[in-house]
Ligand SMILES: [Zn+2]
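Residue numbers (the working numbering): 60 to 538.
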């Protein structure tokens, strides 16, 4: 059986769900793969789209629709539900609104809806229902039937072995991006604790319970402080301000929510994803995770190359290669995640993966080598994590995988525009692993592993194994 690639963070439903608001029958998903309101709708990047992405950061194409995922053999995905935050669409006037509409690719009616609604939970539930409308439904593409099938527990993976070996089926797992989905962080309205905690319970009972929730996102959500995620010029251009409670810690409501999510009644825990949390919130959460012995997940991350914010380097010269903003993770955090039996998904966003110098170098590389060069930026992330763990005499290759953030408004790395390029990415990672790993002076002998094993772990088995192990039994095992 050829290797099945895995991605623990992408957004197949964000654009089609947004565009479904354009019709009267809003929130209905089309079962026609040629309709933009289908999660199977593929819109390949053309030359103009590529230029708009390079120059303006616009993503006017799809990256992780199920057709593209299928094409790249990316057949194990954690699909993230994202109720778009009001902070993106508040008061920018008509021109600003048009720009936001273009940047997000979700249509004017959706933007209008986001401005007016007063319930993030309802919006999240609608996107989940939208995605589930085609769960297990055969979709005809060029005379062949394809489908996505959503897990209710990690145990399903074994039950689904026969489906899993069927190359026309994509295995899907649900997650949520942003704790505001529990209905908090509404501008001008104080969250109701009972309502927020009741929503944790409601989500826990969804048939396809989210495996994890990314607690923070771009704006203050009354749960915890967030890290800066938008560059100041972009904020200015879009008249967005994410300064409120930036870099603060976890609030009392946040602690209550974390406790509620992690309660393991009936094996129905929901894990916390620490991406987007401020450094202070992350450190506070590590203590909770340690006490409760839960694995820490960072679903679409990057590294800073620094041991901690004070600027010390564990690996000499590392911070020159990476983007050092504190939305990325420090070496002490990498160690904490690995020690918790956790998982770090590296995102395929060039702005987060490399320093300006490293990006310049990749950009100016001869076309013949550009696939190799751009994949090297990704490889450096994994290799850095491995070096940091090796220094601690820890096993290096079990806690890393891909968390692309495709269709989450990213600038993809060089020629790897969409999930369709995954096979090539795998080949290039294998090449880099073969060139780097055998010659490195490892302290912990087992880290000198075979390059093929390492590439397979990164691109497939680590993420699948993590879900199988930690996505515990659901209340309502439907399969
Ligand atoms: Zn995302």
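A virtual CB, placed ideally from N, CA and C, is assigned to each residue, including glycine. Model, not experiment: these values are computed from the prediction.
{"Check": "Give the single residue among 410, 354, 182 and 248 whose Cα lies nearest to the Cα of residue 290.", "Outcome": "410"}
{"Check": "Leaving out five residues on either side along the sequence, give the residues of the same chain with a beta carbon under 8 Å from the beta carbon of residue 111.", "Outcome": "117 and 119"}
{"Check": "Threshold first: 3 residues or longer. Then list the beta strand (DSSP E) segments lying entirely within the segment 207 to 258, N to C.", "Outcome": "228 to 236"}
{"Check": "Between the C-alpha atoms of residue 486 and residue 385, what's the straight-line distance to the nearest angstrom?", "Outcome": "31 Å"}
{"Check": "What does the shell around ligand 1 hold, if a residue joins when its beta-carbon is under 6 Å from any heavy atom?", "Outcome": "68, 70, 139, 236, 359, 464 and 467"}
{"Check": "Near residue 229, which residues of its chain fall below 7 Å by C-beta distance, leaving aside the five closest residues on each side in sequence?", "Outcome": "125, 128, 129, 134, 136 and 207"}
{"Check": "For residue 52, count the other beta carbons within 10 Å of its own beta carbon; 16 or more makes it buried, fewer makes it exposed. Which is it?", "Outcome": "Nothing about residue 52 can be read from this structure; the chain reaches only from 60 to 538."}
{"Check": "Compare the beta carbon distance of residue 336 and residue 274 with 7 Å and say whether it is the shorter of the two.", "Outcome": "yes"}
{"Check": "Give me the residue from 355, 387, 358 and 349 with the minimum Cα distance to residue 367.", "Outcome": "387"}
{"Check": "Hey, how far is the Cα of residue 100 from the Cα of residue 241?", "Outcome": "29 Å"}
{"Check": "Judging by CA-CA distance, which residue of 403, 460 and 375 is the nearest neighbour of residue 331?", "Outcome": "403"}
{"Check": "Based on the DSSP output, what are the partners of residue 332 in its beta bridges?", "Outcome": "273 and 356"}
{"Check": "Can you name the residues that DSSP bridges to residue 404?", "Outcome": "460"}
{"Check": "So residue 284 and residue 358 are in contact, right, with Cβ under 8 Å, and what is the actual spacing, rounded?", "Outcome": "That belief does not hold up - the Cβ atoms of residue 284 and residue 358 are roughly 18 Å apart, past 8 Å."}
{"Check": "Going by the CB atoms, is the gap between residue 194 and residue 209 shorter than 7 Å?", "Outcome": "yes"}
{"Check": "So, helix, strand or coil for residue 182, using DSSP?", "Outcome": "helix"}
{"Check": "Between the alpha carbons of residue 537 and residue 218, how many angstroms are there, rounded?", "Outcome": "Its pLDDT being 43, under 50, residue 537 is placed unreliably in this model, and the value from its coordinates should be taken loosely. So the two alpha carbons sit approximately 12 Å from each other."}
{"Check": "Can you check whether the CB of residue 139 is closer than 7 Å to the CB of residue 234?", "Outcome": "yes"}
{"Check": "Quick check on DSSP: helix, strand or coil for residue 203?", "Outcome": "strand"}
{"Check": "Let me check one thing: in DSSP terms, what residues is residue 138 bridge-paired to?", "Outcome": "69 and 233"}
{"Check": "Are there 16 or more other CB atoms within 10 angstroms of the CB of residue 236, so buried, or fewer, so exposed?", "Outcome": "buried"}
{"Check": "Which of the three DSSP states is assigned to residue 120 in this structure?", "Outcome": "coil"}
{"Check": "Just to check my reading of the structure: residue 79 and residue 88 have Cβ atoms closer than 8 Å, yes? What is that Cβ distance to the nearest angstrom?", "Outcome": "7 Å"}
{"Check": "Along the chain, where does the alpha helix (DSSP H) containing residue 386 start, and where does it finish?", "Outcome": "Unbroken run through residue 386: none, as it is neither H nor E."}
{"Check": "Could you check whether residue 471 and residue 399 sit closer than 7 Å to each other, using their CB atoms as the reference points?", "Outcome": "no"}
{"Check": "Applying the 10 Å Cβ sphere with the 16-neighbour rule, what's the burial state of residue 181?", "Outcome": "exposed"}
{"Check": "Per DSSP, which residues does residue 133 bridge with? Please list them.", "Outcome": "64"}
{"Check": "Do residue 455 and residue 506 have their beta-carbon atoms positioned less than 7 Å apart in this structure?", "Outcome": "yes"}
{"Check": "Smallest Cα separation from residue 499: which of 511, 484 and 449?", "Outcome": "449"}
{"Check": "Would DSSP call residue 292 helix, strand or coil?", "Outcome": "helix"}
{"Check": "Pull up the distance between the alpha-carbon of residue 324 and that of residue 254, whole angstroms please.", "Outcome": "20 Å"}
{"Check": "When you compare only the Cα positions, how much space is there between residue 427 and residue 490?", "Outcome": "15 Å"}
{"Check": "Count the other C-beta atoms from every protein chain shown that fall within 10 angstroms of the C-beta of residue 497, then say buried if there are 16 or more, exposed otherwise.", "Outcome": "exposed"}
{"Check": "Can you give me the C-alpha to C-alpha distance between residue 328 and residue 322, rounded to a whole angstrom?", "Outcome": "6 Å"}
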